[in-house]
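Chains as they are written, first to last, in my numbering: chain S, 1 to 163; chain X, 1 to 85. Glycine included, C-beta positions come from ideal geometry on N, C-alpha and C. None of these values were measured; they are calculated from a predicted model.
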Amino acid sequence: MSQSRPRSPQVQPQQAPLRGNLSKVTGAGSGTGLVVLAEALPINPVTRLALQLLAPWLAIGVALVGPYFSTFVVLQVKYFGLMHLLKRAKYLEASIPASAPNKAVAQAKVAEMETLIGDVITAMAHTWSGITVSGPGLPQGALRSGPSEVGGPNQGGGITPHS
Amino acid sequence: MGNNEIALLVLFGLASAAAIVGPSLRLLWTLRKDAFPRAVVIKDQNGAVIGTLSAESVQQTDNENDLVRLHERVRRSEHVSVEAA
């Protein structure tokens with residue numbers, strides 16, 4: 001059984017990595033920073049006390065939100081990079097003169113690349129939704145063979161073979 | 001507030017600023033090549049390389065089916081990640 005499958009069920013899928021530890025460092029830093037700020041600012045003592053009592057909650061909130069935020073930033077930057085790549089491919093295609101023999105091939109390649117990048121972005125967003133909806137502990141093949149879809153678009157999955 | 005307290009505040013203020021700025025800079029440093037890539041490497045959920053997609057390939061007339069085959073493999077993958085090559 002395990003020989004026929006390409007991956008064993010114990011292996012977790014390598015999703016976009018959650019940057020957990022450095023987010024905790026950042027959370028502790030922002031909590032300490034709030035305490036320092038409340039101590040340094042010339043405000044009345046009640047507000048100062050309230051800010052300092054708020055600091056642990058800010059720290060743990062930043063530590064919780066941080067991995068999702070950094071994953072969002074990563075995916076956003078990579079989306080921007082793919083768009084840049086597509087723009088550059090279109091620029092290179094437009095620089096080929098219309099009478100050149102490879103013009104038609106280049107146009108077909110740009111069209112194919114556009115849909116390919118769209119599918120890559122969908123699959124990347126699928127990774128993102130796998131983190132937020134199902135959590136990182138999703139077993140292998142759960143999206144493929146489960147009775148119901150866990151969430152997110154299913155364009156990235158291999159449910160129906162592409163003809 | 002005495003001098004010792006101010007020194008303590010400055011010390012912890014600098015430490016907290018470093019703790020906020022350091023991980024942010026590290027995140028941006030890991031992404032420094034991903035914003036303007038010439039070519040990207042597409043990987044599947046296990047980290048195995050599915051293929052490479054480069055902007056310069058539109059100018060080459062050979063291997064025009066490579067893009068179609070790469071598209072086919074991307075469609076079959078559940079998770080996909082992209083890195084600048």
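Using a Cβ-Cβ cut-off of 9 Å, state whether S/Asn44 counts as contacting chain X.
-> no
Which class does S/Ile96 belong to by DSSP, given the choice of helix, strand or coil?
-> coil
Mind checking if X/Val80 is an interface residue toward chain S, Cβ cutoff 9 Å exclusive?
-> yes
Give me the Cα-Cα distance between S/Leu58 and X/Ser16, rounded to the nearest whole angstrom.
-> 13 Å
Just mark S/Met113 as buried or exposed, buried being the case when its beta carbon has 16 or more other beta carbons within 10 Å.
-> buried
X/Val40 and S/Leu92: beta carbons closer than 9 Å?
-> no
Distance between S/Ala106 and S/Ala98 (C-alpha atoms, nearest Å) | 11 Å
Where does X/Glu5 land, buried or exposed, given buried means 16+ other C-beta within 10 angstroms?
-> exposed
Relative to the alpha-carbon of X/Gly51, which residue among X/His71, X/Trp29, X/Ala18 and X/Leu27 has its alpha-carbon at the smallest distance?
-> X/His71
What do you get for X/Ser81, buried or exposed, if any count of 16 or more other CB atoms within 10 angstroms of its CB means buried?
-> buried
Short check: CB of S/Gly29 to CB of X/Ala18, under 9 Å?
-> yes
Determine, using beta carbons only, whether S/Ala123 comes closer than 9 Å to chain X.
-> yes
Out of S/Ile43, S/Gln52 and S/Val77, which has the shortest C-alpha to C-alpha gap to S/Val36?
-> S/Gln52
The segment 88 to 106 of chain S: positions lying closer than 9 Å to chain X by Cβ | Arg88, Ala89, Lys90, Tyr91, Leu92, Glu93, Ser95, Ile96, Pro101, Asn102, Val105 and Ala106
Sorry if obvious, but does the Cβ on X/Ala55 come closer than 8 Å to a heavy atom of the ligand COA?
-> Here there are no bound small molecules, and the ligand COA is not part of this structure.
For X/Thr61, three-class secondary structure by DSSP | coil
With 16 other Cβ atoms within 10 Å as the buried cut-off, status of X/Ala55 = buried
S/Ala94 versus S/Ser23 - alpha carbon distance = 44 Å
Rounded distance between the beta-carbons of S/Ala55 and S/Leu34, thought under 8 Å | 4 Å
Going along chain S, which residues have a C-beta under 8 Å from X/Ala17?
-> Gly29 and Gly33
Short check: CB of X/Val74 to CB of S/Ala123, under 9 Å?
-> yes
In its own chain, which residues sit with a C-beta less than 6 Å from the C-beta of X/Asp34, not counting the 5 before and 5 after it?
-> Ala84
Minimum length 4: unbroken alpha helix (DSSP H) runs contained in the segment 34 to 104 of chain S = 45 to 94
Roughly how many angstroms separate the alpha carbons of S/Leu69 and S/Pro45, rounded to a whole number?
-> Looking at the sequence itself, residue 69 of chain S is Phe, so the reference to Leu does not match. The straight-line gap from Cα to Cα measures roughly 33 Å.
Identify each residue in the segment 68 to 80 of chain S for which the Cβ-Cβ distance to at least one residue of chain X is less than 7 Å, and report them in chain order.
-> Ser70, Val73, Val74, Val77, Lys78 and Phe80
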